[in-house]
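Trainee: Numbering (my numbering), first residue to last: 77 to 587. To start, I am sharing the structure in question, which I have written as structure tokens.
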RNA sequence: GGUCCCUUCGUCUAGCGGUCUAGGACAUCGCCCUCUCACGGCGAAAACACGGGUUCGAUUCCCGUAGGGAUCACCA
């Protein structure tokens, strides 16, 4: 099993997807999950990317089973394996299966232009491969003059030949054989030459004893090249599994999820929003095997993933579905666990929230316990840790702003005098009810004395006789207590807040 | 453009010749529960890209067409 990121930018969700599959397949088959850093492109290398990858992989619980310092097949970074690739390339040259090519970039682009004009296959082959069978003395002269060169494979492919190979996900695939003398070792100013992906990956997979080559669909078309390279080196073929890319809807079309255009393409996006890693992993597993998407998060993470079941068309990343999975998952957690995760997230992404919650963890647990602890169907209000502020923030004084204007629009447009009277009367007769019905009966009694109808029905029947119904009255109390128009049952909120705080918040409206 | 891959409700998909008046899940909408939410219950709307074959019979097999994706680098 292998997962091979290249440090050329931020970690892509698709990278997490493939890494997750790699790890899952390795785990369920007693295999080893390794990560190889493919950093053979010096020009695109991004400073610090490897460290970022490591941090993100760690966050997702997708760190490799083997790594430098602990693993039999290291080093796991390709740039440190340059001598290995070079010795294989030398062997190929000795046996006439590879050769140096001195064509310059300009010559190559001119050739490509000519090929386009003539409408022939682009590439380095046949009459378009000037150095393939160049005389020795000519090669020697170039070598002696110190001109830069690359090493190319001497492709045995012929024009019309077809090759067939088996892909675990797609079954049998037939394609034209490769006839292109691909570059296997790039040019270099010094004696150390780096390989191209094509060459490096199969040497590594062979040496590291990979049992499945799991990679993105974009590699399908280069399998014929890899097959020839395998053959030239005398390596056995390793089964391929090409995974369909994660997609994005754009208008009526869809395209590959793009790091540049789509914020949700980056793995960091999910960390910042505070999605639980289990939910993301479960969601991703569901995309790979829809069978898993019908299961609970815990089950979907423990059931095996089957590559053969994976779809061949790229699935759309549906954040609404992720939200659902995430809220199902959080609903299975204890309040203490939720709190711990919220704090870990907030420490990095919402320090003010972290400080407020940290100052009264007990309050936080009691707030989270509402309709969560000891109930059959827990609340599914939280889909990600960043939701905590909106749903529970008002319990914490540093995050709560008193509602002191009786004409505040959140109060529903009830006459300010009535609002004031209701709040005053409510405090006058305050009792902390032990259950919802009792609480509501109490509120009903209070609001009736302030001119509210005891039932919504009564109000509807004679709107002129009342200032509102008990529904409006309870909304006033709700807004006073929470600053929002939506909250869990108010008797639960008051119970968690405690009488002094309830008095302070409602008192603010009395003036 | 050449080549390869793909095509069932908005989305993820089940289906592997009759079981399909096409099933599920998410999303949407409606009703119920109800002090507002959330949860929960019930229900609705919603798809086999198109055209030819093969067959007694095609969502399922074959061929075209259309559409989508990928790839044609000293990037991975």
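Every residue gets a Cβ at the ideal spot worked out from N, C-alpha and C, and that includes glycine.
For residue 596, count the other beta carbons within 10 Å of its own beta carbon; 16 or more makes it buried, fewer makes it exposed. Which is it?
Mentor: What is shown of the chain runs 77 to 587, which leaves residue 596 out entirely.
Trainee: In the DSSP assignment, the alpha helix (DSSP H) including residue 526 goes from what residue to what residue?
Mentor: No alpha helix (DSSP H) contains residue 526, which DSSP labels as neither H nor E.
Trainee: Taking all protein chains shown into account, decide if residue 388 is buried (16 or more other Cβ within 10 angstroms of its Cβ) or exposed.
Mentor: exposed
Trainee: Report the CB separation of residue 332 from residue 321 in whole angstroms; it is logged as a contact under 8 Å.
Mentor: 5 Å
Trainee: How big is the Cα-Cα spacing for residue 386 and residue 394?
Mentor: Near 17 Å, if we compare the C-alpha coordinates of residue 394 and residue 386.
Trainee: Hey, would you say residue 336 sits closer than 9 Å to residue 318, going by beta carbons?
Mentor: The Cβ atoms of residue 336 and residue 318 lie no closer than 9 Å to each other.
Trainee: Taking DSSP as the reference, what is the three-state secondary structure of residue 394?
Mentor: coil
Trainee: At what residues does the beta strand (DSSP E) containing residue 243 begin and finish?
Mentor: 238–243
Trainee: Where do the N-terminal and C-terminal ends of the beta strand (DSSP E) with residue 180 fall, by residue?
Mentor: Unbroken run through residue 180: none, as it is neither H nor E.
Trainee: Taking the straight line between their C-alpha atoms, what separation do you get for residue 422 and residue 429?
Mentor: 6 Å
Trainee: May I ask you to report which of helix, strand or coil DSSP gives residue 90?
Mentor: helix
Trainee: How about residue 252 and residue 230: do their beta carbons lie closer than 9 Å?
Mentor: No, the pair does not count as a contact, with Cβ atoms beyond the cut-off.
Trainee: Comparing C-alpha positions only, which one of 468, 113 and 574 sits nearest to residue 276?
Mentor: 113
Trainee: Provide the residue span of the alpha helix (DSSP H) that contains residue 362, from first to last.
Mentor: For residue 362, the uninterrupted alpha helix (DSSP H) run begins and ends at 353–364, by DSSP.
Trainee: Go through the stretch 214–288 residue by residue and report every complete run of the alpha helix (DSSP H) that reaches 4 residues or more, in order.
Mentor: 273–283
Trainee: Could you name the residues of the same chain whose beta carbon sits closer than 6 Å to that of residue 243, not counting the 5 residues immediately before and after it, in chain order?
Mentor: 249, 316 and 318
Trainee: Identify, in the order they occur along the chain, each residue of the same chain with its Cβ nearer than 7 Å to the Cβ of residue 547, setting aside the five sequence neighbours on each side.
Mentor: 532
Trainee: List in chain order: all unbroken alpha helix (DSSP H) runs of 4+ residues lying wholly within the stretch 95–141.
Mentor: 125–135
Trainee: Report the rounded CA-to-CA distance for residue 341 versus residue 396, giving the unit in angstroms.
Mentor: Answer to the nearest angstrom: the Cα atoms are 15 Å apart.
Trainee: Closest to residue 461 by C-alpha separation, out of 406, 265 and 489, would be which residue?
Mentor: Nearest option by C-alpha distance: 406.
Trainee: Would you mind stating whether residue 207 and residue 175 have Cβ atoms separated by less than 9 Å?
Mentor: yes
Trainee: Sort 346, 402 and 257 by Cα distance to residue 371 and report the nearest one.
Mentor: 402
Trainee: Tell me whether residue 228 is buried or exposed, calling it buried when 16 or more other Cβ atoms sit within 10 Å of its Cβ.
Mentor: buried
Trainee: Let me confirm a value: residue 390 is counted as buried when at least 16 other C-beta atoms fall within 10 Å, else exposed. Which label applies?
Mentor: Label assigned to residue 390: buried.
Trainee: Should the stretch 520–532 be called in touch with the stretch 433–450, which here means at least 3 C-beta pairs below 8 Å?
Mentor: With the cut-off at 8 Å, the stretch 520–532 and the stretch 433–450 do not touch.
Trainee: What is the rounded straight-line gap between the Cα of residue 199 and the Cα of residue 247?
Mentor: Their backbone Cα atoms lie some 28 Å apart in a straight line.
Trainee: Which residues does DSSP list as the beta-bridge partners of residue 291?
Mentor: Residue 291 is bridged to 318.
Trainee: With respect to the beta strand (DSSP E) encompassing residue 536, which residues constitute its N-terminal and C-terminal limits?
Mentor: That residue, residue 536, is in no beta strand (DSSP E); its alpha helix (DSSP H) goes 532–537.
Trainee: Within the continuous alpha helix (DSSP H) that includes residue 169, where are the two ends?
Mentor: 158–170
Trainee: What is the DSSP secondary structure of residue 191, reduced to helix, strand or coil?
Mentor: Per DSSP, reduced to three states, the secondary structure at residue 191 is helical.
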